[in-house]
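This report concerns only the one structure given below.
As structure tokens, then:
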């Protein structure tokens, strides 16, 4: 039922106990979501109350109760329960049927089952009557979902192409503004095509730094070197800076001028989007007569002042986005007007560095975020951060923001559905993209998955893992489509052409995804938007990622008879001029069924500064709940303009509706919170605030949501007077496990309000939850006092303190404290890796000794011992990138003599360590640092064939470096060693010490019985030996086709070694071969790669396939039945089904071998209609495809006027991988036979 009245007689039977009770349950939806009335003989916080259970322990919501229910032995008592859903009213009557004994107001559950019983006593119920409104549970609540077959896909633009569209927005008349990208991977460069620039790219902390780098690199003098980076777009014969501004993003204006439901007109509305750093125009928004577009590095506003459909004014509102090249497409998206009247939009991990006119510096250069500002560009702030590439964001009816973040294409990782509360950090950093596979905080610290106990606590984890390639994302505004899809979110999974729908229901301190289901398949839609008439519209690229100037706008809709009954009314209201409406109608429209109408009325009332009218709706308890929320948000707009007082909304802090209380708190404190959104939160100033006293009681509000907003609000106010109360709230002995949003709110509250001394003192607090929030609050401040938490008994908390000191901007003052803790929490890998690196970065004799002792002790895990060795290997010549995080953190070279002095006493112990990598690395270090190692020791290792090939090869190299006696004899013996790596080490040594003998030996080896790997290395030592004649002869054999396939690539690449640069005949031979390839490539793209068919290393290929930053196959494929993606086919048995040529073609010319069911095709039929979907094959004169609704369709070829190529979203790997890497991947794929490993 929904509304109901229940009456009954009831009697208790358990008399020995003094605490009798009987209970009534209602609004019961499942075992974790319901209300219950507890009629107890005594009253306390847990008895004789009305309770709410909502994915968390019970919360008393009674606003009225009595001193205790007066049970009498043997007496039948009369009970009545009254529930009114619209107002949230709950009344309980006991014997006295005129005056309620208990009263509460709550709207969490609008329907549910009713039950009777007792908590833990015995009793009788009789004469039970339930009178109410029968309610059929929503489909989603029953675990089901609407039938997607009721949704139909139709092309809105059948008569013309919409070139490479990305995003769209509608004006009130239904005209579409659609962005076109021309710059993606053309002028907007992709780091995957420029991997040699990764260290440079990671060094940038502002867009200005990136621009300066471009101006230095893209000069006419560097034209030849830059030909691989940018085409000569302006046709001047050079590849320089001018080519980076040759193309412009566009906004097209598309409309249906004759009202027949199909677009028939298109024109270019705006260009001038050709900034040197300009990226994809991923977001567009029509709002109050202006069109906003957001290609990095700017948010831009266009106006059409003369009404001709072409913009004639352009204004840059905010700039500073796109710090990095990063991955193509990690740009700005999702422009929308939020519930508070501000513009919101997102950016991927290209990064943010915006300095505002009022002096704030938002420094988030290595992460994506959700931003907002006023429509005039003022009051910019970063709302949340830590995103990798959330494209479009959406907010629900209560103003909660959500998004689906793209994964990093790591093995076993998936996309993430996230709830974006203000100030949340979702955890991603761009430098993690390029880390090696052996340790990556994102994966190895399990940050990419939903909450679990051992996860880091400094970030907010996702709610659930979801579908591949999320792009367009919208929330049903209320009256769109049909009633069955009210409250649903809609998502496009662009690479595989799928569309999804789901709902987000309150769960615990956040939300849970429910009723998710696929609604379409076969059209790779990108951006989404609801049209004024209620259809869901999306733009289709008309192919994969490469730009081809194809595309369309599609409508997804229900049949007319299934449409929401208010759709036409909504369309008319969206088109209406609210400037002509009176105040009362506008107040009424604040409660309209459609979010767009409600927001439009709110904005008009705020524009009129109608404070009295907004206040009256907000305060009216009987008004529709959503009307009250929009009134509150309208008041917030006036607060930001200084047209209202902060305390105006304080009267609503005690409203019966918990959502009204939450939004009133959020809105009243909102304008004070911009400093909390900075990367380093400043400590409180010591100033008191008038709202503090009104907020403090809300820390004990019955509603978890209200308590969270109270904590966030106190953080915004930055009033130290609240510090003690915040700690007291967080110290409550209640269920904190998994409440990541409560934790986030606690961190924000303490970061904003608590003085440093207070926070540091909390290191000794008995509550782990309090200590966690305090440590992470200090981390947000960048305060060295966080070091006090390094000694916490909880290793997860101590590791978070270590992260606060070590990661992001680093806290240099606290680094020695972290370094000194090496060995504490020894088995906690995240803590110990950072402690090791702290010692490495400090680089003193003391810290070197600490690392050497750690490794020599041999008590840590193998992985951590390897990490310690790595720190020592990089000690004298530190790399530019951090050993743990991958950040750009260059260090100056250090004196090798210092490390040698420290290492020398421990070297013998390291050389006899149990772990082979320790012995091998110690040997290499000793040799490099010129620490004498007894030749007898090295010789013993070399002679011991049980020691393993790698260690013995290292011993041989060390003997060579020390000039050991009898070395030549050892080298020649090693040439016939059973271990390949020892043979290879011997060949390298021979090439250096005796080039003539090496040249002959290499030729002999190629004709002998050595393994392919040894022969390949032999060829690659020819340049070291200076064997030009042998090289020329070998290349001639290659040209004649007489070199075996497994060695062809090695010959080709060895001939191009700089050692042969002074030999023009060899260079000419190479150039001649490449010219032949170039000519053949026009008709056979595989031709330049034929040398990669055989001879690869399968293990290296596996590493490329799983971990290459740009060519990672598991971004779209699986190689077994576990980790990977389903965008492309599972490759687990590809080697058994296909030959090597097919595999190579699939890598370098993917459009030529699209697997059935994984490419998309669009057909234009002779009758003018069109059909698109997933290509399934062509048979018996018919094209087989699966349409977006999932129906298999066979289209006779004779009915087809035009067809698009079957398109794969996979990029050609020849532009991403080196030829050797392609050869290795082919070798690995050829070995996938479907057998279990």
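Residue numbers (my numbering): 74 to 1310.
Using N, Cα and C, we set each Cβ at its ideal position, and we do this for glycine too.
Being a predicted model, the structure only gives us computed values, none of them experimental.
Simplified DSSP assignment, three categories, for residue i
i, result
"residue 543", "strand"
"residue 136", "strand"
"residue 580", "strand"
"residue 323", "strand"
"residue 1058", "helix"
"residue 300", "coil"
"residue 1008", "helix"
"residue 810", "coil"
"residue 1294", "helix"
"residue 1050", "coil"
"residue 1191", "strand"
"residue 753", "coil"
"residue 820", "helix"
8 Å Cβ cutoff, residue i in contact with chain B
i, result
"residue 1095", "As a matter of chain content, chain B is missing from the structure shown, which is built from one protein chain."
Separation of residue j from residue i, as counted between CA atoms
i, j, result
"residue 354", "residue 365", "10 Å"
"residue 1310", "residue 443", "Note on residue 1310: pLDDT 43, under 50, position unreliable in the model; the coordinate value appears next. If you take the alpha carbons of residue 1310 and residue 443, they lie about 43 Å apart."
"residue 389", "residue 997", "57 Å"
"residue 231", "residue 385", "29 Å"
"residue 349", "residue 1162", "34 Å"
"residue 65", "residue 906", "Within the shown structure, residues of the chain are numbered from 74 to 1310, placing residue 65 beyond reach of any answer."
"residue 814", "residue 903", "23 Å"
"residue 287", "residue 606", "46 Å"
"residue 698", "residue 601", "28 Å"
"residue 713", "residue 749", "17 Å"
"residue 917", "residue 923", "10 Å"
"residue 314", "residue 291", "5 Å"
"residue 647", "residue 673", "8 Å"
"residue 293", "residue 740", "54 Å"
Neighbourhood of residue i by C-beta distance below 8 Å, restricted to the same chain and skipping five residues each side
i, result
"residue 943", "956"
"residue 1142", "1105, 1108, 1109, 1112 and 1128"
"residue 200", "80, 81 and 82"
"residue 1041", "1066 and 1067"
Residue i vs residue j beta-carbon contact at 8 Å
i, j, result
"residue 14", "residue 962", "This structure cannot speak to residue 14, because the chain is shown only from 74 to 1310."
"residue 317", "residue 260", "yes"
"residue 709", "residue 730", "no"
"residue 779", "residue 843", "no"
"residue 627", "residue 596", "yes"
"residue 393", "residue 370", "yes"
"residue 777", "residue 480", "no"
"residue 603", "residue 475", "no"
"residue 975", "residue 921", "yes"
"residue 187", "residue 110", "no"
Beta-carbon contacts of residue i that lie in its chain and below 7 Å, excluding the five residues immediately before and after
i, result
"residue 1286", "1184, 1220, 1221 and 1295"
"residue 1025", "1014, 1015, 1052 and 1055"
"residue 1158", "1221 and 1222"
"residue 717", "684, 708 and 711"
Bridge-paired residues (DSSP) for residue i
i, result
"residue 209", "DSSP output for residue 209 lists no bridge partner at all."
"residue 94", "113"
"residue 82", "151 and 199"
"residue 479", "DSSP, once it has assigned bridges, lists no residue as partnering residue 479."
"residue 1245", "1235"
Own chain partners of residue i with C-beta closer than 6 Å, once the 5 adjacent residues on each side are dropped
i, result
"residue 833", "858 and 861"
"residue 375", "343, 364, 384 and 387"
"residue 434", "428"
"residue 518", "529 and 903"
"residue 951", "964"
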